[in-house]
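J.: Going down the list, the sequences are from chains A and B. Sequential numbering of the first sequence, starting at 0, is according to numbering that gives the first Met the number 0. Sequential numbering of the second sequence, starting at 0, is according to numbering that gives the first Met the number 0. Take a look at this one; I'll ask things after.
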Amino acid sequence: MNTSTFSELVLEDRVHRAIYTDPAIFEMEMTRIFGAVWVYLAHESQIPGNDDYITARLGLRPVIAVRDSQGKIRCLYNRCAHRGARICREARGSARTFQCPYHGWTYFNTGKLRGVPWPEGYACDFKDPQFNLAQVPRVESYRGFIFGTLNLDAPSLSEYLGLVRKPIDEWLDRHPGGKVSVREANRLKFKGNWKLAYDNAADGYHVVFSHRSLLEMEHRAAKDAAKGMSFYMGKPDEAPMYVQVFARGHHFKDKRPNVEKRAGALWELEAAHPGMEHYESSIRSKLGEKAGRALDLAASEPVNINVFPNLSLLGNHIQVIQPLAVDETDTTWYATALVDEAGELGGAADAVNALRMRTQEAFPNFGEVDDAVNFEEIQRGLAACEDEWVYMHRGLGIPGRVRQQADGTLKAPATDEVFMREHMKEWKRLMSSQPRLAITREP
Amino acid sequence: MLLEREARLLDEARFEEWLGLFAPQCAYWIPARPGAGDPRREVAVAFDDRRRLEDRIYRLRTGSAWSQAPASRTVRLVTNIEVFENSMARSNFLISEFRSGETRRWAGWCGYRLKDCKIEVKQVNLLDCDQNLRNPSLLL
Chain A
0 MNTSTFSELV LEDRVHRAIY TDPAIFEMEM TRIFGAVWVY LAHESQIPGN
50 DDYITARLGL RPVIAVRDSQ GKIRCLYNRC AHRGARICRE ARGSARTFQC
100 PYHGWTYFNT GKLRGVPWPE GYACDFKDPQ FNLAQVPRVE SYRGFIFGTL
150 NLDAPSLSEY LGLVRKPIDE WLDRHPGGKV SVREANRLKF KGNWKLAYDN
200 AADGYHVVFS HRSLLEMEHR AAKDAAKGMS FYMGKPDEAP MYVQVFARGH
250 HFKDKRPNVE KRAGALWELE AAHPGMEHYE SSIRSKLGEK AGRALDLAAS
300 EPVNINVFPN LSLLGNHIQV IQPLAVDETD TTWYATALVD EAGELGGAAD
350 AVNALRMRTQ EAFPNFGEVD DAVNFEEIQR GLAACEDEWV YMHRGLGIPG
400 RVRQQADGTL KAPATDEVFM REHMKEWKRL MSSQPRLAIT REP
Chain B
0 MLLEREARLL DEARFEEWLG LFAPQCAYWI PARPGAGDPR REVAVAFDDR
50 RRLEDRIYRL RTGSAWSQAP ASRTVRLVTN IEVFENSMAR SNFLISEFRS
100 GETRRWAGWC GYRLKDCKIE VKQVNLLDCD QNLRNPSLLL
């Protein structure tokens with residue numbers, strides 16, 4: 000595909016339906032996006048000890064994210080160097096070596112070939128690295144978030160993240176010790192293109208419509224109270240919340256300014272959850288005046304922090320967007336828990352986490368399902384081939400609406416679509432580039 | 000008979016009557032992994048008490064739950080029913096769901112704890128509980 004095509008597909012105020020429907024474009028994305036930039040792979044808490052691994056994907060490539068026997072985090076290709084079979088068929092585990100079930104070739108978890116059966120039947124030298132597992136050449140972790148890229152020319156992970164590190168740091172630092180631990184997930188799938196999920200990631204315009212039933216549900220028992228995302232009702236663009244856009248396709252919806260800066264105020268926004276009263280009373284009796292701050296840690300943090308292309312920190316969730324096909328995507332909402340090693344919460348951490356599991360189940364169950372159906376319906380609507388354009392022009396051309404900040408970022412009101420326009424520009428730039436991608440076989 | 004009736008009420012979208020089969024204090028639990036795990040430490044696909052079940056049904060009745068608008072058509076098969084002396088029961092299930100032009104399937108087994116002829120705990124163990132599920136908006 001001619002790369003000047005992308006200038007015709009991504010305009011200032013709209014994008015062409017083909018970017019969501021064309022399998023040839025999807026295939027190019029699997030290298031020019033998922034490979035050329037830093038792609039989120041796993042959280043360190045999923046592989047806490049040496050030899051721990053999980054199987055995952057980088058784009059469509061099957062990989063093993065492993066903490067090797069010396070403690071180094073690697074992303075091995077889950078693909079036997081011999082004939083191409085996946086060597087590891089489990090979702091997670093602990094292993095010093097991996098043996099291919101087909102011909103028994105065995106590898107250390109550094110990727111180095113350990114041995115093959117009856118090597119005397121081969122004329123080649125098995126010490127040659129060509130027989131080691133392929134692996135992602137650059138794997139880095141930012142405060143527990145593990146990313147990988149095949150692009151030898153990519154900047155460091157820290158530079159790639161740039162200013163989005165600040166909201167990520169704030170999201171982590173509200174927890175004792177500045178860390179969280181992954182605890183299972185709500186796993187969803189929709190028949191639609193992966194970018195439909197990323198386009199929604201900082202969308203404030205859809206909330207009162209797509210999530211109407213969630214808002215009604217949350218107010219069933221508390222009609223006059225402010226619950227959940229009720230701050231989107233009325234005049235959301237006049238509310239203190241805002242969307243902030245960074246370079247490289249990252250963005251941030253910050254709803255924290257809508258919430259009173261008082262310990263316990265965030266917790267008060269939570270609608271009813273199982274076990275709420277029991278655990279709340281246990282936390283209050285343990286912590287007294289300090290209970291409000293602990294309860295806030297069980298509540299959904301009102302942020303959407305989006306790292307292009309596949310990671311969002313939403314509420315307390317780590318959401319990962321996984322493309323499967325041009326019209327199929329998995330979104331996995333990993334739940335997180337506090338890790339209170341220093342005992343800052345006076346023994347209440349387990350109770351806070353129990354509450355936090357229930358608060359985290361709410362949005363995937365009662366909110367995200369409606370968005371996912373809307374994404375599927377977009378994919379269906381886009382089959383209308385003559386109806387070419389997908390509009391992203393909300394806020395464009397209104398003087399003073401999008402405000403450039405001193406640090407180069409942009410800020411706009413909550414329902415603005417500037418964040419989409421900017422990530423599409425970045426998408427266009429990446430798709431028009433020819434990155435130098437490589438694997439390595441050097442453990 | 001309770002389990003067949005439960006299945007029919009759900010197939011007929013008689014959600015409030017279905018909830019009437021549950022004890023006043025009850026749990027509806029769909030674990031997120033085989034072996035179930037501990038809901039105090041990890042999220043489940045769903046972990047509802049009676050109040051959250053009421054919320055779930057309330058949401059379905061708003062008319063704006065887009066994931067069930069229009070509503071799915073379902074036929075439930077409940078089979079391999081065993082009732083034990085300690086008020087526990089189990090069954091296997093297969094739910095055929097017609098939605099958006101195709102018929103989908105939810106399969107697994109259920110564990111029940113019963114009290115005074117009501118369901119105190121229903122644990123729904125989906126075969127694919129740890130996989131990415133497409134529109135899990137049905138009451139299972």
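Just so you know, even glycine gets a beta-carbon here, dropped at the ideal spot from N, CA and C.
(1) When the Cα atoms are used, what is the spatial distance from Ala175(A) to Leu344(A)?
(2) Classify Asn192(A) as helix, strand or coil using the three-state DSSP reduction.
(3) Could you tell me which residues DSSP pairs with His15(A) in its beta bridges?
(4) Using the C-alpha atoms, what's the distance from Arg73(A) back to Arg66(A)?
(5) Strictly below 7 Å CB to CB, what residues from chain B border Met29(A)?
(6) I need the boundaries of the alpha helix (DSSP H) containing Gln134(A), first residue and last residue.
(7) Just to make sure I have the definition right: I need the residues of chain B whose C-beta is within less than 7 Å of the C-beta of Met216(A). Which are they?
(8) Taking only three categories from DSSP, how would you classify Arg36(B)?
(9) Where does Met356(A) land, buried or exposed, given buried means 16+ other C-beta within 10 angstroms?
(10) In angstroms, rounded to a whole number, what distance separates the CA positions of Gln403(A) and Leu139(B)?
(11) So which of Gly83(A), Arg440(A), Phe365(A), Met419(A) has the shortest CA-CA distance to Glu215(A)?
(12) Could one say the Cβ of Leu213(A) lies closer than 9 Å to chain B's Cβ atoms, at least one of them?
(13) How about Ala298(A) and Leu268(A): do their beta carbons lie closer than 9 Å?
(14) Output, in chain order, the set of chain B residues within a Cβ distance shorter than 8 Å of Asn373(A).
(15) Are the C-beta of Asp329(A) and some C-beta of chain B separated by less than 9 Å?
(16) Give the secondary structure of Arg50(B) by DSSP, where H, G and I count as helix, E and B as strand, and everything else as coil.
(17) What does Ala45(B) reach in chain A if we use C-beta pairs closer than 8 Å?
(18) Tell me which residues of the stretch 26 to 40 of chain B have at least one Cβ-Cβ distance to chain A shorter than 8 Å, keeping chain order.
(19) DSSP puts Phe117(B) in a beta bridge; with which residues?
(20) In the DSSP assignment, find the alpha helix (DSSP H) that holds Asp10(B) and state where it starts and stops.
(21) Output yes if chain B places a C-beta closer than 9 Å to the C-beta of Lys188(A); else output no.
(22) With DSSP as the reference, identify every bridge partner of Ala336(A), one or two as the case may be.
(23) Who are the near neighbours of Tyr390(A) in its chain, counting only those whose CB is closer than 7 Å to its CB and skipping five residues on each side?
(24) Examine the Cβ distances between the stretch 380 to 399 of chain A and the stretch 213 to 232 of chain A and report whether three or more of them are shorter than 8 Å.
(25) Counting only Cβ pairs nearer than 8 Å, list the residues of chain B close to Asn352(A).
(26) Are the C-beta atoms of His272(A) and some chain B residue less than 9 Å apart?
(27) Counting only the same chain and skipping the five closest in sequence on each side, list residues whose C-beta sits under 6 Å from that of Trp266(A).
(28) Could you please tell me which residues of the stretch 39 to 71 of chain A, in chain order, have their CB closer than 7 Å to any CB of chain B?
(29) What do you reckon, are the CB atoms on Ala201(A) and Val242(A) nearer than 9 Å?
(30) Assuming the contact rule is C-beta atoms closer than 8 Å, Val244(A) and Leu409(A) should be a hit. Round their C-beta distance to whole Å, please.
(31) Based on DSSP bridge pairs, tell me the residues matched to Val207(A).
(32) What are the uninterrupted segments assigned as beta strand (DSSP E) that are 3 or more residues long and contained completely in the stretch 399 to 428 of chain A, given in chain order?
T.: The short version:
(1) Residue identity check: residue 175(A) is Pro in the sequence provided, not Ala. Taking the straight line joining both Cα atoms gives about 8 Å.
(2) Assigned with DSSP and collapsed to three states, Asn192(A) falls in coil, not helix or strand.
(3) Trp388(A)
(4) 6 Å
(5) Here the premise fails: no neighbours, minimum Cβ distance about 18 Å.
(6) Element bounds for Gln134(A): n/a, residue is neither H nor E.
(7) Asp54, Tyr57, Arg58
(8) Note that residue 36(B) is Gly in the sequence shown, not Arg. Of the three classes helix, strand and coil, the one that applies to Gly36(B) here is coil, per DSSP.
(9) Under this definition Met356(A) is a buried residue.
(10) Their Cα atoms are separated by approximately 49 Å.
(11) Phe365(A)
(12) So, interface residue.
(13) yes
(14) Trp65
(15) yes
(16) helix
(17) Glu360, Asn364
(18) Ala26, Ala31, Arg32, Gly36, Pro38, Arg39, Arg40
(19) First, the residue type needs correcting, since residue 117(B) is Lys and not Phe in the sequence shown. Looking at the DSSP assignment, Lys117(B) forms a beta bridge with Lys114(B).
(20) Per DSSP, Asp10(B) belongs to the alpha helix (DSSP H) from 1 to 10.
(21) yes
(22) Ser180(A)
(23) Asp12, Arg13
(24) no
(25) Arg39, Arg40
(26) At a cut-off of 9 Å between beta-carbon atoms, His272(A) makes contact with chain B.
(27) Leu294, Asp295, Ala298
(28) none
(29) Yes, the Cβ-Cβ distance between Ala201(A) and Val242(A) is below 9 Å.
(30) 4 Å
(31) Answer by DSSP bridge pairing: none, since Val207(A) is not bridged.
(32) 409 to 412
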